[in-house]
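J.: Protein chains in written order, with this note's numbering: chain E, 133 to 247; chain A, 126 to 242.
Handing you this structure, nothing more for now.
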Amino acid sequence: AQSVSQHNHHVILSEAASLELGCNYSYGGTVNLFWYVQYPGQHLQLLLKYFSGDPLVKGIKGFEAEFIKSKFSFNLRKPSVQWSDTAEYFCAVNTPNNAGNMLTFGGGTRLMVKP
Amino acid sequence: EAGVAQSPRYKIIEKRQSVAFWCNPISGHATLYWYQQILGQGPKLLIQFQNNGVVDDSQLPKDRFSAERLKGVDSTLKIQPAKLEDSAVYLCASSLMTRGTSTDTQYFGPGTRLTVL
Numbered sequence: 133a134q135s136v137s138q139h140n141h142h143v144i145l146s147e148a149a150s151l152e153l154g155c156n157y158s159y160g161g162t163v164n165l166f167w168y169v170q171y172p173g174q175h176l177q178l179l180l181k182y183f184s185g186d187p188l189v190k191g192i193k194g195f196e197a198e199f200i201k202s203k204f205s206f207n208l209r210k211p212s213v214q215w216s217d218t219a220e221y222f223c224a225v226n227t228p229n230n231a232g233n234m235l236t237f238g239g240g241t242r243l244m245v246k247p
Numbered sequence: 126e127a128g129v130a131q132s133p134r135y136k137i138i139e140k141r142q143s144v145a146f147w148c149n150p151i152s153g154h155a156t157l158y159w160y161q162q163i164l165g166q167g168p169k170l171l172i173q174f175q176n177n178g179v180v181d182d183s184q185l186p187k188d189r190f191s192a193e194r195l196k197g198v199d200s201t202l203k204i205q206p207a208k209l210e211d212s213a214v215y216l217c218a219s220s221l222m223t224r225g226t227s228t229d230t231q232y233f234g235p236g237t238r239l240t241v242l
C-alpha cells in the first residue's frame, strides 16, 4: 500500500522567510500529487497539483512544488511567507487503480508564521 | 459555484449512541468520498461512491459504520454505535470525473467535528 510522509509536523517562521515543506511517497508507479491547505477554521483547499509534464508546478498564493521522481518527493516551497500563510498543509498522492481515485494523505505540517 | 455542503458542523454524543452526517456534493460531481480525520493526522478515506454505487469501502469499519448515496447526489454516513475512538472530523469530498480517471481533483466540504464522550 502506498504511504505519504511529511517530515515536519510543526514549522515556525518569521514573515519573509523562505519555506520548504517536505513530502515523500512510497509508490513506485505513476502518481498524481497534490498539496492541500487548511487555514484556521476553514476547509481543505487545493493549493496545487501535478499530473504530468513540467515537474515544477506553480499554485495559488505564490506556492510552488517540485516533483522529483528519483527521490519520490514533492516538496512545497514559497520564497517569502506571510502571516496569512499560517495553516496546516497536507501532501496527498493518488494512483490509478481499479477502485478509482483514492487519495492517500500525509500527516500534515502545521505552519505558524510570526508577524 | 457552491461548494460541498455538510451538516451538522459539530456533534457531541455519548458512546454507544448513534449519529448521522449529511453531505451534498458540488452539482454535477459524479464521485463522492467520505474521509475520517483524527486530530493530528491526515484524512483517511472511508468510502468512495461513483454515482449511487460503492467503488471502495475497504477502510470502512462495517460493523458500526454505514453510508449510502441514494439517487447519486446527497450522501449520509452513519455510526451506530459510536465509540470513543470515533472522535474525529468527518470530511466529505466530491470530484467531477468518472471512475478510472486518475487526473481528477477532489473538493472538500467543511467537515463535521464529532466528539464522543
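Just so it is clear, CB atoms sit at the ideal spot from N, CA and C, and this is done for glycine as well.
Which residues in the same chain have their Cβ closer than 6 Å to the Cβ of S146/E, if we skip the five residues on either side of it in sequence?
T.: Cβ within range, chain order: K246.
J.: What is the C-beta distance between A224/E and Y168/E, in whole angstroms, given that I count them as a contact (C-beta under 8 Å)?
T.: Going by Cβ atoms, the distance from A224/E to Y168/E rounds to 6 Å, so yes, they are a contact pair.
J.: Counting only beta-carbon atoms, is H139/E nearer than 8 Å to chain A?
T.: No, its Cβ sits nowhere closer than 8 Å to a Cβ of chain A.
J.: Which whole-angstrom value describes the C-beta separation of V129/A and F233/A, a residue pair presumed to lie in contact below a C-beta threshold of 8 Å?
T.: Sure, about 6 Å apart at Cβ, within 8 Å.
J.: Just checking, does the segment 142 to 158 of chain E make contact with the segment 203 to 211 of chain A on the three C-beta pairs under 8 Å criterion?
T.: No contact exists between the segment 142 to 158 of chain E and the segment 203 to 211 of chain A.
J.: According to DSSP, simplified to helix, strand and coil, what is E210/A?
T.: Reduced to three states, the DSSP call for E210/A is helix.
J.: Identify every residue that forms a DSSP beta bridge with W159/A.
T.: I172/A, C217/A.
J.: Under 8 Å, Cβ to Cβ, is there at least one residue of chain A near M244/E?
T.: No, M244/E does not count as interfacial toward chain A.
J.: Between which two residues does the beta strand (DSSP E) carrying T218/E extend?
T.: Segment: none, T218/E is in no beta strand (DSSP E) and carries neither H nor E.
J.: Short check: CB of L235/E to CB of Y221/E, under 8 Å?
T.: No; because the gap between Cβ atoms is not below 8 Å, this pair is not in contact.
J.: Residues of chain A with CB under 9 Å from K123/E, in chain order?
T.: Absent from the model: residue 123/E. The displayed extent of chain E is 133 to 247, so no value can be given.
J.: If contact is defined by three or more beta carbon pairs under 8 Å, each pair taking one atom from either stretch, is the segment 185 to 196 of chain A in contact with the segment 129 to 140 of chain A?
T.: Touching, no.
J.: Determine, using beta carbons only, whether T237/A comes closer than 8 Å to chain E.
T.: It does not: the Cβ of T237/A has no partner Cβ on chain E nearer than 8 Å.
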